[in-house]
Amino acid sequence: MEDFILIPTFLALLVVTYTDIRYRRVPRIVIGAGLGTQLVCLIVLSTITQYWDNLIMSIVCMLVCTAIQYILALIRPGALGLGDVTAAALITFALGWLGFIPILLWWLYSGICGLIQLAVAHIRHHTSIPFIPAMTLSFCASVATQMLILT
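Each residue of the sequence shown is one higher than the one before, counting from 82 in this note's numbering.
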């Protein structure tokens with residue numbers, strides 16, 4: 082059961098990735114549904130396993146990382162949208178269950194993917210870059226790293 086616990090976040094990110102690529106929009110209703118579903122799943126798992134510390138870690142990580150993303154969005158308006166901030170809340174809430182290392186990996190992978198996207202956009206002379214795909218790919222990479230290497 083624990084292997085599949087992050088599926089709600091993954092499914093929400095797939096939808097949001099599509100809408101970000103296609104329309105440059107991040108539907109907050111999808112993020113909210115993903116957060117709500119993920120919360121229910123983590124509460125059920127916490128009840129079964131008695132790992133309440135993991136749930137608390139998820140909530141704290143989400144709050145801290147969302148605050149950091151929000152501050153970054155305020156520092157340079159237009160570079161990071163509020164949709165990206167809400168997606169970061171969903172991602173860090175899910176990754177918080179796995180611990181702090183996957184969140185650090187997610188930040189690292191997101192930075193690398195973002196730099197690659199910026200380079201490609203510069204070559205193609207694009208002004209608008211959807212960042213959710215990089216965040217989703219980084220989410221998958223950090224989960225894979227956690228499952229395959231760190232455990």
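For each residue, glycine too, the CB sits at the ideal point set by N, CA and C.
*Would you mind stating whether residue 172 and residue 220 have Cβ atoms separated by less than 8 Å?*
The count along the sequence shown starts at 1 and reaches residue 172 at position 91. The count along the sequence shown starts at 1 and reaches residue 220 at position 139. Against a cut-off of 8 Å, the Cβ pair of residue 220 and residue 172 comes out as a contact.
*Among 166, 141, 216 and 95, which residue has its Cα nearest to the Cα of residue 189?*
As a first step, residue 189 must be located in the sequence shown, where it is residue number 108. Minimum Cα-Cα distance from residue 189 among the listed residues 166, 141, 216 and 95 corresponds to 216.
*asked:* For the pair the stretch 173-180 and the stretch 105-123, tell me if three or more CB-CB distances fall below 8 Å.
replied: yes
*With respect to the alpha helix (DSSP H) encompassing residue 94, which residues constitute its N-terminal and C-terminal limits?*
In the sequence shown, residue 94 corresponds to position 13, counting from 1. Note, residue 94: alpha helix (DSSP H), 88-104.
*asked:* Within the continuous alpha helix (DSSP H) that includes residue 139, where are the two ends?
replied: Indexing the sequence shown from 1 puts residue 139 at position 58. According to the DSSP assignment, residue 139 belongs to the alpha helix (DSSP H) that extends over 133-156.
*asked:* Check this for me: beta carbons of residue 97 and residue 108, under 8 Å apart or not?
replied: On the sequence shown, residue 97 is found 16 positions in, with the first residue counted as 1. On the sequence shown, residue 108 is found 27 positions in, with the first residue counted as 1. For residue 97 and residue 108, yes; Cβs fall inside 8 Å.
*State the Cα-Cα distance for the pair residue 159 and residue 203, rounded to the nearest angstrom.*
As a working mapping, residue 159 is identified with position 78 in the sequence shown. As a working mapping, residue 203 is identified with position 122 in the sequence shown. Roughly 16 Å between the two C-alpha positions.
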